[in-house]
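Numbering (this note's numbering), first residue to last: 24 to 252.
Printed below as a string of structure tokens:
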């Protein structure tokens, strides 16, 4: 009996050690994956640098066509979502000419912690033909440029595309798109957000950066035109 107990205890200890070893290996692999998520974008920006954000996910910063740009990855796993999401957030951090705040959010669920949408009190009616499910809110809506300047840039939000948010403030233009969704099996069984291996492809990062820069310039031109009128 004593021998059996000793054997059982030894097997339990061995199993615990193997699990701990596996956990450490998984943690190292996850850290390496996060660190390299945006590496493919280094060649897109002048003076590019990649730094770790407070959540361990990377932030890519630099200049694109002389605009200061930041791209960051953000993982979200909340109960309302069927699967965890990896969001890509691209910011142009420069004056846009906008004198208010406008936020377009697709199908808001009041869990978008990365968005100021819930704190904006003015509801703006989406123009006819805009993406289904788009909800617009604002601050000082009367100061905003005409929404027509945004229509050519709504492609990511149409027909189930990856677009999630478009935010305009006096000193920030932001575009948020879905980068990836977690593996269903690991999320349902372990409640862990495991995403595809490898970093975000360079062409996807390039498309995101070009789009947010184009929105920033279009809004700036519309604001300048409104002031000159």
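Just so it is clear, CB atoms sit at the ideal spot from N, CA and C, and this is done for glycine as well.
What is the DSSP secondary structure of residue i, reduced to helix, strand or coil?
i: residue 183; result: coil
i: residue 67; result: helix
i: residue 178; result: helix
i: residue 203; result: strand
i: residue 234; result: helix
i: residue 249; result: helix
i: residue 223; result: coil
i: residue 60; result: coil
i: residue 243; result: helix
i: residue 167; result: coil
Would you kindly work out how many angstroms separate the C-alpha atoms of residue i and residue j, rounded to a whole number?
i: residue 71; j: residue 225; result: 14 Å
i: residue 147; j: residue 249; result: 19 Å
i: residue 62; j: residue 222; result: 7 Å
i: residue 211; j: residue 107; result: In this predicted model, residue 211 has a pLDDT of only 40, less than 50, meaning its place in the structure is not dependable enough to derive any value.
i: residue 65; j: residue 227; result: 13 Å
i: residue 85; j: residue 69; result: 6 Å
i: residue 117; j: residue 204; result: 31 Å
i: residue 164; j: residue 129; result: 19 Å
Rounded C-beta distance between residue i and residue j? I'm assuming under 8 Å.
i: residue 73; j: residue 242; result: About 27 Å separates the two Cβ atoms, so there is no contact after all.
i: residue 152; j: residue 245; result: That pair is no contact at about 18 Å.
i: residue 247; j: residue 88; result: That belief does not hold up - the Cβ atoms of residue 247 and residue 88 are roughly 18 Å apart, past 8 Å.
i: residue 161; j: residue 145; result: 4 Å
i: residue 125; j: residue 231; result: About 19 Å separates the two Cβ atoms, so there is no contact after all.
Could you check whether the Cβ of residue i sits closer than 6 Å to any heavy atom belonging to the ligand MN?
i: residue 186; result: The ligand MN is not part of this structure, which contains no ligands at all.
Inside the stretch 96-164 only - beta strand (DSSP E) runs reaching at least 3 residues:
Uninterrupted beta strand (DSSP E) stretches at least 3 residues long and entirely within the stretch 96-164 occur at 108-115, 124-129, 145-147, 157-162, given in chain order.
Contact between the stretch 106-122 and the stretch 85-94 (3+ Cβ pairs under 8 Å):
A contact is defined here as three or more CB-CB pairs under 8 Å, and the stretch 106-122 meets this definition with respect to the stretch 85-94.
I want to know whether the stretch 181-198 touches the stretch 119-137 - three or more CB-CB distances under 8 Å.
yes
Check whether the stretch 133-145 touches the stretch 168-176, taking contact to mean three or more Cβ pairs, one atom from each stretch, closer than 8 Å.
no
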